[in-house]
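*Asks:* Structure below; questions to follow.
Residue numbers (our numbering): 47 to 151.
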């Protein structure tokens, strides 16, 4: 899920950074000052963006793990229904095959 508040904050930071860089490069100062200001602005932008990306990616990782677990359970149920239920029963109670309920595996 995309959080609209985080997206707005990220876009705002990007717009401010681009605006600051445009100001630095189009202002009437010499090349040495432009390079110093540009480097300072880029350092500030990176310092702000790294924690933001870290927070966003941590959230995305948790969501992906939950989705992967759900998908794995669904795929396992489909495989069991296709290959195992004839012998082991619909709930693992065992018919012609061994009982699966209560097995540690």
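All C-beta atoms, glycine included, are put in the ideal place defined by N, C-alpha and C.
On a predicted model such as this, the values are computed, not experimentally measured, just so you know.
For residue 98, which residues in the same chain have their Cβ closer than 8 Å to its Cβ, ignoring the five residues on either side in sequence?
*Replies:* For residue 98, where only same-chain residues beyond five positions count, the Cβ hits under 8 Å are 52, 55, 56 and 59.
*Asks:* Let me check understanding here. Comparing Cα to Cα, which of 112, 50 and 62 lies closest to residue 94?
*Replies:* The shortest Cα separation from residue 94 among 112, 50 and 62 belongs to 62.
*Asks:* In three-state terms, what does DSSP make of residue 65?
*Replies:* DSSP places residue 65 in helix when its eight states are reduced to three.
*Asks:* Does DSSP classify residue 144 as helix, strand or coil?
*Replies:* Residue 144 falls in the coil class under three-state DSSP.
*Asks:* Count the other CB atoms within 10 Å of the CB of residue 134; is the residue buried (16 or more) or exposed (fewer)?
*Replies:* Looking at its Cβ environment, which holds 16 or more other Cβ atoms inside 10 Å, residue 134 is buried.
*Asks:* Which residue from 71, 87, 101 and 85 puts its Cα closest to that of residue 49?
*Replies:* Here the closest residue by C-alpha is 101.
*Asks:* Taking 7 Å as the threshold (C-beta atoms), are residue 67 and residue 87 in contact?
*Replies:* Cβ distance < 7 Å, so residue 87 and residue 67 count as in contact.
*Asks:* Which term fits residue 64, buried or exposed, when burial requires 16 or more other beta carbons within 10 angstroms of its beta carbon?
*Replies:* Flag for residue 64 reads exposed.
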